[in-house]
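J.: Residue numbers (our numbering): 761 to 1037. Don't be surprised by glycine CBs; every beta carbon is placed ideally from N, CA and C. Quick one: structure below, then a few questions.
Dropping the structure here:
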């Protein structure tokens, strides 16, 4: 279009195109969300929010809904249960594959997101014809385990970092946002000024000492939020919590808490698995 326009003496409004394209993407996202909500309201099939990935990397499950849309370059798929962690709490979504041996179909899961508390897998067909699969249908869902392990190391490291910042800068240095991926972490916090080189070095030493101590990391489900807070659990910025929460405790040899936070993310079993910080 651009080349043909230039031949005729016209130009292309790139900015206007991008603005309208983003509007269309937003309409597509809203259409996806309303389609999922409508499906769940009118379906007798329960599921779509059951996460099995805290202790499983692969799960036999059922495709209970898909919602192809002409403006989306992927197939949004909802599973009855899934090992794929959906992007939330600063932690990125899992990637991996969904496959059916019976129909010879394999899908790449390029991202996993939450739409109205429902886990949505963004899928790209790799082999076979996805349209051959009737829905609902039994499939296998398998995450990229190596990538998840890197993410878990970085997520547990954010908890150690949070603790170290309190020790070096003070209790006011609380988390104000984060991003946890497979190759790095980003941790936002409030402080009165930029950290000095000595302060940064001290934080690194404290975190690495906790890693070398190889403390066990103990998640606990369904803890009353009042009990968790009375125990000193830190609630992360921007998170909304119900009456029942998941608590991550990093334990010292005397069984006391080195760190305790409310967190729905995935973590290593022991701090030594992080390696270094």
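Any chance you could list the beta strand (DSSP E) runs of at least 3 consecutive residues sitting entirely within the region 827-887, in chain order?
T.: 835-839, 856-860, 865-875, 878-887
J.: By a C-beta neighbour count over all protein chains shown, 10 Å radius and 16 as the cutoff for buried, is residue 914 buried or exposed?
T.: Within the chain shown, numbered from 1, the residue matching residue 914 stands at position 154. Flag for residue 914 reads buried.
J.: Out of 854, 779, 891, 1018, state which residue places its alpha-carbon closest to the alpha-carbon of residue 760.
T.: Nothing can be reported for residue 760: it is not among the residues displayed for the chain, which extend from 761 to 1037.
J.: So, under 8 Å CB-CB, residue 967 and residue 920 are touching, yes? Tell me the CB distance rounded to an integer number of Å.
T.: Against the chain shown, residue 967 aligns to sequence position 207. Against the chain shown, residue 920 aligns to sequence position 160. Right, the Cβ-Cβ distance comes to about 5 Å (below 8 Å), so this counts as a contact.
J.: Is there contact here, the region 1011-1022 with the region 936-943, by at least three beta-carbon pairs under 8 Å?
T.: no
J.: Tell me the DSSP secondary structure of residue 994 in three-state form.
T.: Here residue 994 is taken as the residue at index 234 of the chain shown, counted from 1. Residue state, collapsed to three classes: strand.
J.: Which residues bound the alpha helix (DSSP H) around residue 905?
T.: Locating residue 905 in the chain shown gives position 145, counting from the first residue. Unbroken alpha helix (DSSP H) run through residue 905: 905-929.
J.: Assuming residue 836 and residue 882 form a contact by the criterion Cβ under 8 Å, report the distance between their Cβ atoms to the nearest whole angstrom.
T.: On the chain shown, position 76 is the one that residue 836 refers to. On the chain shown, position 122 is the one that residue 882 refers to. In this structure, residue 836 and residue 882 form a Cβ contact; the two beta carbons are roughly 6 Å apart against a cut-off of 8 Å.
J.: Out of curiosity, what's the CA-to-CA distance linking residue 988 and residue 773?
T.: Position 228 of the chain shown, counting from 1, holds the residue named residue 988. Position 13 of the chain shown, counting from 1, holds the residue named residue 773. If I take the Cα positions, the gap works out to 55 Å.
J.: Residue range of the alpha helix (DSSP H) that residue 957 falls in?
T.: Counting from one through the chain shown, the residue named residue 957 turns up at place 197. Note, residue 957: alpha helix (DSSP H), 957-972.
J.: For the 8 Å Cβ check, are there 3 or more pairs between the region 976-984 and the region 947-961?
T.: no
J.: Are the beta-carbon atoms belonging to residue 1018 and residue 923 less than 8 Å from one another?
T.: In the chain shown, residue 1018 corresponds to position 258, counting from 1. In the chain shown, residue 923 corresponds to position 163, counting from 1. The beta carbons of residue 1018 and residue 923 sit closer together than 8 Å.
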